[in-house]
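If you read the protein sequences in the order shown, they are chains Z and W.
If you read the first sequence in our numbering, its first letter stands for residue 1, the second for the next number, and so on.
If you read the second sequence in our numbering, its first letter stands for residue 351, the second for the next number, and so on.
Report on the structure given below.
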Amino acid sequence: MEMEGASSSGSGGAAQPTLLPSRRSKVFYRFTQQNLPACKPALTPTLVITIFLLAGITFVPVGIICLRASESVEEHVLRYDTECIPEDYRSNRVAYIKDDSISKKCTLNIKLRNQMKAPIYVYYELDNYYQNHRRYVKSRSDKQLLYGLQYKDISSCKPVESSNRLPVVPCGLIAWSLFNDTFTFDVKARKLNVNRKNISWKSDRDHKFGNDVYPFNFQNDTLIGGGKLNQSIPLSEQEDLIVWMRVAALPNFRKLYGVIEEDLDADELLTIHLSNNYNTYSFGGKKKLVLTTSNWLGGKNNFLGLSYIATGCCSILVAIIFALIHVKFPRPHRDASYLHWNRKSSATSR
Amino acid sequence: MSMHWDRFRASTVRLGGNGSASLRGTSFGDGGLRHTSSQTVRLGRVQPQHPSHRTIFCNDREANQPVRFKGNSVSTTKYNIFTFLPKGLFEQFRRVANLYFLMISILSTTPISPVHPITNVVPLSLVLLVSLVKEAFEDWKRLQNDMSINNTPVDVLQDQKWETVPWKKLQVGDIVKVKHDAFFPADLLFLASTNPDGVCYIETSNLDGETNLKIRKALERTWDYLLPEKASELKGEIQCEQPNNSLYTFTGNLIIDKQTIPLSPNQLLLRGCSLRNTEYIVGAIIFTGHETKVMMNSMNVPSKRSTLERKLDKLILALFGGLFFMCLVGAIGSGIFINRKYFYLGLSGHVEDQFNPSNRFVVTILTMFTLITLYSTIIPISLYVSIEMIKFIQCAQFINKDLHMYHAESNTPALARTSNLNEELGQVEYIFSDKTGTLTRNLMEFFKCSIGGEMYGTGITEIERGIAQRNGMKIDETTSATAVQEKGFNFDDPRLMRGAWRNEHDPEICKEFFRCLAVCHTVLPEGDASSDKITYQAASPDEAALVTAAKNFGFFFYRRTPTSIMVREANIEKMGSVQDVTYEILNVLEFNSTRKRQSVVCRYPNGRLVLYCKGADTVIYERLVDGNNDIKKLTREHLEQFGSSGLRTLCLAYRELTTEIYEKWNEKFIQAKSSLRDREKKLDEVAELIEKDLILIGCTAIEDKLQDGVPLCIETLSRAGIKLWVLTGDKMETAINIAYACNLINNAMKQFIVSSETDPIREAEDRGDPVEIARVIKDSVKQYLERYLEEAQQFLRSPYGTKLALVIDGKCLMYALDPALRVSLLKLSLNCSSVVCCRVSPLQKAQVTSLVKKGARKITLSIGDGANDVSMIQAAHVGVGISGLEGMQAVMASDFAIAQFRFLTDLLLVHGRWSYLRLCKVITYFFYKNLTFTLTQFWFTFQTGFSGQRYYDDWFQSLYNVIFTALPVIIVGLFDKDVSASISKRYPELYKAGIRNTFFTWKVVAIWAFFSIYQSLIIYYFTVAASPNGHNSSGKVFGLWDVSTMSFTCIVVTVNLRLLMACNSITRWHHVSVWGSILAWFLFIFIYSGIMTPRDRQENEYFVIYVLMSTFYFYLSLWLIPVVALLGDFLYQGVQRFMFPYDYEIVQEIHRDDPEESRRQLLEVGHHLSPDEARSYAIARLPRETSKHTGFAFDSPGFESFFASQAGVFAPHKPWDVIRRASIKSKHRTAKS
């Protein structure tokens, strides 16, 4: 017995090294002879119908869930750029916004429809504002934002790289055109606390904006684009700026302004005190204020839910149509008479 | 030996010839001779080299030194170390796509560009790198080839001794010794040989593909210089023409001891030939290295581009058009958009031109350039290099290693010599084939015979076997004990063998039959006079076969003297007895194409006078004596039977002569023979007088042995919609015969024959006025063509679907190819399912090929084995050479080399078809994926105020083509197959899709483009529309780069999955590459956005993917968007397959449940007869009434030259050599006038 075991293990040991290359050469053989094992998916009508049905069945519920999530979000959108212009300036809005001597204060009211659970997010929304314009996007210096004045090469910031022969920190058009409308909220004559911290992505705060870089020579030129910055706060804590500088993908965008961290009841009247500083009148852009709650999916956006449902429904519809056609006018599967050459010969024989 | 030659890279021989070169040669011949004969006094040792000829001092290196003849080393490399980079790069930038990307790269370094230069430089340099590595690798292989040839050893005379040196050390004037079977290292002047009479045998197969031996004879004056001691005494001077590329001409003089001896090609041994049947020879080197005739003939193989690639150029052009359109839209938009009112863009004050609202036109122009760089991805830069890689692997791994195309007997695998044309193999519609060596083995075997109305021979021809197989009959091949097989004889019938014929009912006629075979011929026996060792030297292999047959029947012809033939006859008187009989040969009436017969008048030892005659049935039957109708009728039936089974027949007859008749005739014969004018004609006339009242003996049937599997292959090809044309230098009868044997022509077909062998033409030729001859032939050809065209149209309109065949000979073809008649020739021949051109020169072969190639715009393939096929091989879209034989010339000129004709089935139906499908898929997919990608960018442009802002990060864009989507498409290009190889061959009709170019039409491209637009819209708008609201519970919003990364992720996933959907078979490698590519993207983005280095440009992308992945938006979109994008394609595919299935899809369905078979097993699957075929076979088996095809064919190529070369006289080798010279001369004359 032992002898046998020994011999068999010996032969096994001898066989193993030869086994490996032979397996490899077999694979190579199948490769050169183009005979690799393969699965051959054939789109049979059954398969097509199944896949469409499957897509429909999985998509519709997901869509419904998304839609419900989106619907559960309370959202109030208030366009204020038109409201906040005094009557006599309605015909000449640009003059109004450019005139510093006029007070830009403005008060508006919203009546809440339903209860809004904290946190309530406050966004401002701009329209027709091309933050994604090439000239705009590239007019910044990421290095300067991180290293401040140490970083000298700020040619990319043109045309706002320096004023009065001194470099500007933060330089570039994006920073220069910082949004500077401000909002405060009263409810029942009580001022609501708007948390303006932690409105930017943490990665931006920690890694893109230096914590020892302070604004310098900012908005000191004759032309002033937008908001000013507190020179004593490092950039990494200027969250307005950080939010603003993450340029939006579309000319119509929302940016987070702050968070109201208390619940608001239904039918409550919310008074908004805002200063309407930012000029969107010259290019006809809209300004909106958005108050919204949020859930796992995010804010109110029916798009995902609707498209899931639409896709699912279409798939089911297609599956049904296809099934009907298949039943009504079946193409006999595996029928050689459908082959091109056979069809031709039958045509000529007729 | 031949292996060695393989390495020699004499790429091509231009046999068509460089007219001026050979003209120069001939004109020099006269001048040179005159020059040297007048020159009696030599002025000095070193003469200035005359511009028109060179002077060489034999065995005297110092004297040759001042002239600086080129050395004998040969280099075929394209680059050296220093030229590699500049030259290689130059070659690369000759490609439009590369040049375009170079320009884009340069453009992207300017501020106009929205993208960093890296976006375009990275892919471009990767592409260039891959291409250059490939070039270097190929050149390295060439270098190694050259080195091994240059270092081949050879013996050279130095100090009265033979020294072995490598070839490259040889110099002009050296005396070398070449041993048996060795190759000549340079062009040599033949001085001496070990054979007694200064003769050596050479094989020229490398030059002209002919495998028969040629005889070269040294000048008598130099015979002695054989041993080194003696040879070193040689102090001669050779004056000869300058190097040229004419293989068959050479003129010069050898001056020894002030004696001038003219030299002819007969003393020239060309590099590339090899020595045979001779122990060794001694020769002086005349031309070396690149100046040898074979190298002068070699030229770079004109690189062919496939039709698909040319169509691809159009697609690229269309893409350029699309690019221009997109840029124009964007540029105009930007001109309109730009406005000072967008104060945040800082447009007041000094603004650079591109954004200056006060000059909108400049803005438009500059934005145009911006957008060109931005959208440059629309041109798939890696397309060409991917295609090259795919094709290269297809060639090197698939075609070259396919066991189905491996010929075990000759140990020859298939060889793809260029990798450009793989997919062209999938679209071939016309095949032009040489006959000898390609369809046939050039091996004549005595196969059957009919003696006195009795048929003998039990063999079955290939064609009969084919018919039997198709009818499901099984044929047992049993070889009986009496069967003898040797070269030229493959016959078995116990009734005749081993003397059994004596028991037949009429042994006398059998005896006549055998004697006729043994006596009536022009064969020379060689070697020992024993039946095993003797070899027959015959002008035509038919004759050798007949004589061999006689030997096997017991009539052994063993010796010939000018006046007699000696035959060792066995079993005449009684079994086992042997006696030598000498027949006195009184007259030989030779064979020629008008007589179509050959006669011998011989006298038996007992004084009996007999005329034996063999020839075509038509001429023999005319001359038969009345009576004996039974035998005549039976023999005719047999002839027809032989003929339709593809055998070559000859009728044998004899006539007893009385002395008076003979003497009377002989006088006339001698008179005719000695006449000075029209001797040939008079001889023919005299022959007529005696070749009459013949008694029919019977007929012979010789099998022109086909290559294995030829009829089956031809049938398969014809089912695949491929039309085969046979172009051969043979006679019309031979050609028709082979066409029958190959089943190209059968009796059910209507044959159109255009022949120059008609009475009016012959008459005109007799009159001899060349203008008149031309006119007559042209007229008759025109009439033929017109009449046939009319008939052809009638046949095509008729409901029976009769197939048509055209047979045309070279002379008529010359006129039919005239521009005036070319159109009708083309029309007629395209209507014919098979065409046979006989008696054509190599040039005409090429002309016919390009007629179809250019005139009909069909894809053509030429296949041949000899040097005479070179021009045809080069003219066709695809050239295929038959390899494994000795001749390499055709292979050297070809694009693919296979060992056997039948491998065409695999090459075309399997590899060609697959390559075509794959390449189509690869190209359309490349088109689609780049278009989709670029279009998302385009849609984004609309929402950025047409500013040309990039949507994607630079690295995304540059790696999109080279990493994230590169590998899967290559895998598909390698592995995709619709149906297995065996099914491809079982349904040859599938090939028709390639001929029609179904898979790469504008319609197909449009469908891909449509779905590309659809998908890009879905991907762009869905990601964007779903993105605006804060998607994280902490309410933060996405910026531009978050959204674009989302889009890019969706694109990578969609595009890769789309490829998987397009596959017919999905192997493990598909999965590995597709999922690997997607994974590669994620890996890349994880790393790329995860780290931040001081010197990078990815601040934008920093942490983006992590931010994205922390939201549900990411997962929901990633699931939704690719599915929606792909459902459209899926629906289309489903509908298309359901409603308008492609043929291959139905075949897939039919064979879906077949077990994963190994290919070998399925090879045995028999053929199913379609109703069509069944009918045509039924017709083929009907009693034959229309056919008069009896299969006469008799080859005597170069009949005169054979004897001439035996006698040491150089005669032109080829009919076309003469034709060519004639045409050159006439051209010359017209040029002068």
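Just so you know, even glycine gets a beta-carbon here, dropped at the ideal spot from N, CA and C.
Listed by position along chain Z, the residues whose Cβ is nearer than 8 Å to that of W/V483 form an empty set, because the closest Cβ is around 22 Å away. The alpha-carbon of W/L1211 is positioned some 13 Å away from that of W/E773.
When only Cα atoms are considered, W/P464 and W/E1451 end up about 16 Å apart. A Cβ-Cβ separation of about 7 Å places W/L597 in contact with W/L620 under the 8 Å criterion. Less than 9 Å divides the Cβ of W/P615 from the Cβ of W/T599. Excluding sequence positions up to five before and after W/G1059, its CB lies within less than 6 Å of the CB of R1252, all in the same chain and listed in chain order. Under the DSSP assignment, W/K529 falls in the beta strand (DSSP E) whose first and last residues are 525 to 529.
Look at the beta carbons and you see the region 304 to 321 of chain Z not touching the region 90 to 105 of chain Z: under three pairs across the two are nearer than 8 Å. Contact between the region 800 to 816 of chain W and the region 846 to 860 of chain W is established, with three or more Cβ pairs separated by less than 8 Å. Residue ranges of uninterrupted beta strand (DSSP E) with 3 or more members, entirely inside the region 1244 to 1288 of chain W and ordered along the chain, are 1246 to 1248. One Cα belongs to W/T911, the other to W/V938, and the distance between them is close to 13 Å. With its beta carbon at least 9 Å from every one in chain W, Z/S236 lies outside the interface. One finds P1378, V1387 in chain W with Cβ atoms closer than 8 Å to the Cβ of Z/F253, taken in chain order. Residue pairing by DSSP places W/F637 opposite W/D537 in a beta bridge. Assignment of beta strand (DSSP E) within the region 155 to 229 of chain Z, counting only whole runs of 3 or more residues, yields 182 to 187 in chain order. Residue pairing by DSSP places W/K564 opposite W/I552 in a beta bridge. For W/L1056, the secondary structure class from DSSP, reduced to helix, strand or coil, is strand. Following the DSSP letters along the chain, one finds W/F675 inside the alpha helix (DSSP H) bounded by residues 657 to 687. Z/C66 reaches chain W at F1462, L1466, counting residues in chain order whose Cβ is nearer than 9 Å. Cα atoms of W/V951 and W/C745: separation of roughly 60 Å, rounded to the nearest angstrom.
Neighbours of W/N761 in chain Z, taken as residues whose beta carbon is under 9 Å from its own, are absent, since the nearest beta carbon is some 17 Å off. Secondary structure of Z/Y151 (DSSP, three-state): coil. Between W/N1311 and W/I731, the gap from beta carbon to beta carbon is short of 9 Å. From the beta-carbon of Z/A38, the residues of chain W found nearer than 7 Å are S1415, I1416, T1417.
The three-state secondary structure of W/E591, taken from DSSP, is strand. Within 10 angstroms of the beta-carbon of W/R1346 lie fewer than 16 other beta-carbons, which makes it exposed. Between the C-alpha atoms of W/L1476 and Z/L36 there is a straight-line separation of about 27 Å.
Contact between W/G1295 and Z/H133 is confirmed by a C-beta separation of about 5 Å, below the 8 Å threshold.
The Cβ atoms of W/V1241 and W/R767 lie closer than 9 Å to each other. Note on geometry: alpha-carbon atoms of W/G1478 and W/Q1197 lie some 50 Å from one another.
Cβ contact annotation for W/C1162 (same chain, cutoff 6 Å, sequence separation greater than five): V1104, S1106, V1131, in chain order. Within chain W, the residues V1473, L1477 have their CB atoms less than 7 Å from the CB of Z/A55, given in chain order. Within its own chain, the residues whose Cβ lies closer than 7 Å to the Cβ of W/I935, once the five positions on either side in sequence are excluded, are T913, S914, I915, V950, C952, listed in chain order.
In this structure W/S1397 is in contact with W/T1373, their Cβ atoms being roughly 5 Å apart against a cut-off of 8 Å. Runs of beta strand (DSSP E) with 3 or more residues, each lying fully within the region 238 to 268 of chain Z, are found at 253 to 260, listed in chain order. The beta carbon of W/T714 lies closer than 7 Å to those of A681, I682, S684, G685 in the same chain, with the five residues before and after it left out.
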